[in-house]
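Visitor: With the numbering used here as the guide, the letters of the sequence shown map in order to residues 6 to 636.
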Amino acid sequence: METKQFKAESKRLLDLMINSIYTNKEIFLRELISNASDAIDKLYFRSLTEKDVKVNREDFEIRITPDKEKRTLTIEDNGCGMNKKELEENLGTIAQSGSFAFKQKEDNKNDDINIIGQFGVGFYSAFMVSSKVRVESKAYGAEKAYAWESSGADGYTIDEIEKDKYGTKIILTLKEDTDDEKYSDYLAEYKLEELVRKYSDYIRYPIKMEVEHEKPVKSEDGKEEKYEKVRYDETLNSMIPIWKKNKADVTEDDYNNFYQEKFSDYQKPLKTIRTSVEGDVSYTALLYIPSHMPYDYYTKEFKKGLQLYSNGVLIMDKCEDLLPDYFGFVRGLVDSPDLSLNISREMLQHDRQLRIIAKNLEKKIKSELLDMLHKNREDYEKFFTTFGTTMKFGVYNDLGLNKDNLKDLLMFYSSTEKKLVTLDEYVSRMKEGQDKIYYACGETVDKIELLPQVEKVKEKGYEILYLTENIDEFVVQVLLEHKEKKFANVCANDVDLDTDEEKEALKKENEENKDMFELMKEAIGDGVQEVRFTHKLKNHPVCLTSSGALSVEMEKVLNSMPNDQKVKAQTILEINDSHEIANKIKDLFKTDKEELKKYSKILYAQAKLIEGLTIDNPTEISNLVCEIIAK
Numbered sequence: 006m007e008t009k010q011f012k013a014e015s016k017r018l019l020d021l022m023i024n025s026i027y028t029n030k031e032i033f034l035r036e037l038i039s040n041a042s043d044a045i046d047k048l049y050f051r052s053l054t055e056k057d058v059k060v061n062r063e064d065f066e067i068r069i070t071p072d073k074e075k076r077t078l079t080i081e082d083n084g085c086g087m088n089k090k091e092l093e094e095n096l097g098t099i100a101q102s103g104s105f106a107f108k109q110k111e112d113n114k115n116d117d118i119n120i121i122g123q124f125g126v127g128f129y130s131a132f133m134v135s136s137k138v139r140v141e142s143k144a145y146g147a148e149k150a151y152a153w154e155s156s157g158a159d160g161y162t163i164d165e166i167e168k169d170k171y172g173t174k175i176i177l178t179l180k181e182d183t184d185d186e187k188y189s190d191y192l193a194e195y196k197l198e199e200l201v202r203k204y205s206d207y208i209r210y211p212i213k214m215e216v217e218h219e220k221p222v223k224s225e226d227g228k229e230e231k232y233e234k235v236r237y238d239e240t241l242n243s244m245i246p247i248w249k250k251n252k253a254d255v256t257e258d259d260y261n262n263f264y265q266e267k268f269s270d271y272q273k274p275l276k277t278i279r280t281s282v283e284g285d286v287s288y289t290a291l292l293y294i295p296s297h298m299p300y301d302y303y304t305k306e307f308k309k310g311l312q313l314y315s316n317g318v319l320i321m322d323k324c325e326d327l328l329p330d331y332f333g334f335v336r337g338l339v340d341s342p343d344l345s346l347n348i349s350r351e352m353l354q355h356d357r358q359l360r361i362i363a364k365n366l367e368k369k370i371k372s373e374l375l376d377m378l379h380k381n382r383e384d385y386e387k388f389f390t391t392f393g394t395t396m397k398f399g400v401y402n403d404l405g406l407n408k409d410n411l412k413d414l415l416m417f418y419s420s421t422e423k424k425l426v427t428l429d430e431y432v433s434r435m436k437e438g439q440d441k442i443y444y445a446c447g448e449t450v451d452k453i454e455l456l457p458q459v460e461k462v463k464e465k466g467y468e469i470l471y472l473t474e475n476i477d478e479f480v481v482q483v484l485l486e487h488k489e490k491k492f493a494n495v496c497a498n499d500v501d502l503d504t505d506e507e508k509e510a511l512k513k514e515n516e517e518n519k520d521m522f523e524l525m526k527e528a529i530g531d532g533v534q535e536v537r538f539t540h541k542l543k544n545h546p547v548c549l550t551s552s553g554a555l556s557v558e559m560e561k562v563l564n565s566m567p568n569d570q571k572v573k574a575q576t577i578l579e580i581n582d583s584h585e586i587a588n589k590i591k592d593l594f595k596t597d598k599e600e601l602k603k604y605s606k607i608l609y610a611q612a613k614l615i616e617g618l619t620i621d622n623p624t625e626i627s628n629l630v631c632e633i634i635a636k
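1. Is it buried or exposed for Gly284, if we count other Cβ within 10 angstroms and need 16 for buried?
2. For Asn88, which residues from the same chain have a beta carbon less than 6 angstroms from its beta carbon, with the 5 sequence-adjacent residues on both sides left out?
3. What's the C-alpha gap between Glu36 and Tyr204?
4. Classify Ile633 as buried or exposed, calling it buried when 16 or more other Cβ atoms lie within 10 Å of its own Cβ.
5. Could you give the DSSP three-state label for Ile634: helix, strand or coil?
6. One question on the structure: do Leu542 and Leu578 come within less than 8 angstroms of each other, judged by their Cβ atoms?
7. Taking 8 angstroms as the cut-off, decide whether the C-beta atoms of Pro699 and Phe263 are in contact.
8. Looking at C-alpha atoms only, which residue of Ile442, Asn498, Ala150 and Lys323 is the closest neighbour of Tyr471?
9. Decide if the stretch 549 to 563 is in contact with the stretch 612 to 622; the criterion is three or more beta carbon pairs, one per stretch, under 8 angstroms apart.
10. Below 7 angstroms CB to CB, which residues in the same chain sit around Glu93 once its five sequence neighbours on both sides are set aside?
11. Grab me the residues of Glu464's own chain with a C-beta within less than 8 angstroms of its C-beta, minus the 5 sequence neighbours each way, in chain order.
12. Whose CA, out of Ile245, Gly530 and Phe33, lies closest to the CA of Leu177?
13. Rank Gly172, Ala150, Glu141 and Met133 by C-alpha distance to the C-alpha of Ile45 and give the top, closest one.
14. Count the other C-beta atoms from every protein chain shown that fall within 10 angstroms of the C-beta of Ser349, then say buried if there are 16 or more, exposed otherwise.
15. Looking at the unbroken beta strand (DSSP E) that takes in Glu383, where does it start and where does it end?
16. Work out the CA separation of Asn581 and His540 for me, nearest whole Å.
17. When you compare the CB positions of Asn242 and Tyr188, do they come within less than 8 angstroms of one another, or not?
18. Quick one: measure Cβ to Cβ for Ile278 and Lys180, integer angstroms, because I've assumed they're closer than 8 angstroms.
19. Hey, does Ile580 have any beta-carbon neighbour from chain B nearer than 8 angstroms?
20. What do you reckon, are the CB atoms on Val495 and Val533 nearer than 8 angstroms?
21. Answer with buried or exposed for Arg537, where buried requires no fewer than 16 other C-beta atoms within 10 angstroms of its C-beta.
22. Taking the beta carbon of Met525 as the centre, do at least 16 other beta carbons fall within 10 Å, making it buried, or is it exposed?
23. Could you tell me which of Pro457, Asp43, Leu291 and Val630 sits nearest to Tyr260, measuring between CA atoms?
24. Classify Ala635: buried if its beta carbon has 16 or more other beta carbons within 10 angstroms, exposed otherwise.
25. Locate the beta strand (DSSP E) running through Lys220, then write down its first and last residues.
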């Protein structure tokens with residue numbers, strides 16, 4: 006037996022490996038399986054280039070064997086194996102990567118070979134869960150076999166052993182359980198199956214384990230059926246990823262089943278997107294638009310992101326950088342051979358590749374959604390009903406930075422079509438000479454329909470977009486315009502559909518009654534900026550219009566938020582000059598100004614109720630109404 010010490014630098018690195026580099030202990034199995042896959046890849050490549058290397062690819066396998074009694078976990082492969090010198094170089098010197106050296110050789114550039122390990126450190130992740138690691142290996146074609154054994158930073162031994170078959174066997178003696186860590190979990194068959202399917206499902210060689218099953222057996226008389234426990238080999242990994250199969254060989258059901266199993270969804274996805282890109286950064290992506298909102302989507306527990314693979318090995322379960330927030334509902338994965346991985350293969354060393362992939366995916370998702378909008382309107386409306394709010398926030402957030410990316414995907418309820426329409430569709434049927442996109446805000450479509458201002462605009466033949474979500478008006482204010490048509494709130498002060506003659510007549514009437522309006526404003530108090538007659542109303546007597554950027558609806562939204570900052574929209578009380586109430590207040594101004602003050606307060610309260618605002622002193626208004634009715 007030959008005992009050796011790690012070099013001083015290797016000791017420090019090993020300590021770092023065990024305690025710092027890897028943040029998740031369970032990935033040790035991923036690393037050892039990846040190394041086994043590399044060893045098989047190397048031997049397979051040699052069989053293609055060296056005449057004396059004769060192997061059958063069908064015979065390659067990786068085997069996992071847990072032993073609860075001995076507290077050992079064995080990972081074995083029939084790859085190229087290592088001789089004594091290679092054991093010394095690859096395991097005795099930390100960060101010496103045989104895979105990397107193999108990959109660097111010019112004659113080893115083969116598209117069918119995907120060497121995963123590059124840094125020569127993944128093997129040492131085994132020490133996170135093991136008190137002792139033993140590696141038995143025999144190089145292909147060699148007569149002698151050797152065992153490398155170590156209990157950590159104190160050093161290692163190399164010993165000649167008997168081994169019939171070429172390849173490598175790694176035997177881990179697991180640490181004793183503690184209050185914080187239950188290392189014996191890694192001896193449980195269900196746990197090993199779970200880890201293989203999570204991290205190594207798409208390793209190209211079968212990963213096998215002898216698994217216990219219950220087999221039905223009939224009694225001798227054939228009347229009673231019993232179950233006996235039997236053990237037989239089971240392949241734990243699927244080997245060929247669905248996203249690497251030929252598209253012609255994958256059915257819609259295949260994609261749906263993969264989605265439901267992989268992402269634990271009880272419903273089929275609304276849309277599947279599969280795309281492959283070759284270039285500076287090559288990748289394949291398989292994306293899904295869910296048919297419903299995740300139950301925790303708007304909670305702090307929800308984490309967006311796509312699964313990130315490198316050559317079929319899971320690197321990150323949720324890579325947030327691959328999706329913008331407004332497409333955070335997209336599920337799926339990206340597999341790229343071009344990622345610059347850091348030493349632990351848990352995070353990316355550089356983010357340039359990610360930014361390129363993310364930008365491409367964003368364009369692809371938008372393109373597919375637009376395709377759904379134009380070719381499958383029913384599905385798109387289902388999608389927008391579910392996820393439209395998320396995209397509206399995408400328009401509003403970051404000071405409108407992404408508004409141009411998203412505006413073509415937005416939909417609002419139309420007063421004319423009685424359904425959701427896009428901004429392009431609204432603009433395409435605007436009346437000749439119309440220069441504004443009209444909208445109105447409210448809690449529901451039915452409540453908006455009852456707004457006094459809406460009635461007159463509809464009578465003029467203009468289509469109105471009904472904004473029923475709290476975020477909607479903030480969105481249109483960020484957009485400002487669409488195809489050079491500015492947005493206009495029908496409840497705003499600056500909406501004017503009168504002819505020049507009508508404008509002039511209204512101006513004259515308001516001028517003639519300005520003293521009356523001053524008295525009414527004085528009676529109302531600071532509630533309104535101004536009182537005046539209007540032509541905006543058809544049958545309703547009064548309404549409130551907003552002056553400035555803050556509308557009445559925005560006031561309600563902002564004041565409903567859980568903070569102490571309250572805002573107030575600047576409003577104008579407008580009175581229908583063709584309603585009987587107009588003549589009544591004119592008459593009161595001449596005959597009974599005190600009574601007019603009472604009417605003013607009631608009219609203002611009425612206008613506030615129509616807008617869904619609370620009345621400051623409902624008792625006073627109730628008494629005034631009763632007093633007037635009783636006369």
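All C-beta atoms in this analysis are idealised placements derived from N, C-alpha and C, irrespective of residue type, glycine included.
Guide: The relevant details are as follows:
1. exposed
2. Ala144 and Ala147
3. 9 angstroms
4. exposed
5. helix
6. no
7. What the structure shows of the chain is the stretch from 6 to 636, and residue 699 is not part of that stretch, so it cannot be assessed.
8. Ile442
9. yes
10. Ile163
11. Lys543
12. Phe33
13. Gly172
14. Since pLDDT at Ser349 reaches only 49, below the 50 mark, its modelled position is unreliable, and the value read off the structure follows with that caveat. Classification for Ser349: buried.
15. Run containing Glu383: none in the beta strand (DSSP E); it sits in the alpha helix (DSSP H), Arg382 to Gly405.
16. 6 angstroms
17. no
18. No, Ile278 and Lys180 are not in contact; Cβ-Cβ is about 44 angstroms, not under 8 angstroms.
19. No chain B is part of this structure, which consists of one protein chain only.
20. no
21. buried
22. buried
23. Leu291
24. exposed
25. Ile212 to Lys223
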